[in-house]
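Before any comments, here is the structure.
Numbering (our numbering), first residue to last: 28 to 81.
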């Protein structure tokens, strides 16, 4: 699946509040999705703070 980030981040600018969009074939509960993604992101200095189904 492709993840599309909203806008861009220039050099020296933080990405706090960065928004992204992705489509899934299987329906996910937003909380479970954020927990699953954060599990795989653990070694990185990034985390999912909220997921919303649209």
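Just so it is clear, CB atoms sit at the ideal spot from N, CA and C, and this is done for glycine as well.
For residue j and residue i, believed in contact at Cβ under 8 Å, the rounded distance
{"i": "residue 31", "j": "residue 42", "result": "Not confirmed; about 14 Å, so no contact."}
{"i": "residue 74", "j": "residue 68", "result": "6 Å"}
{"i": "residue 49", "j": "residue 80", "result": "In fact, because the Cβ distance is near 11 Å, the residues do not count as touching under 8 Å."}
Residue i (DSSP reduced to helix, strand or coil)
{"i": "residue 67", "result": "helix"}
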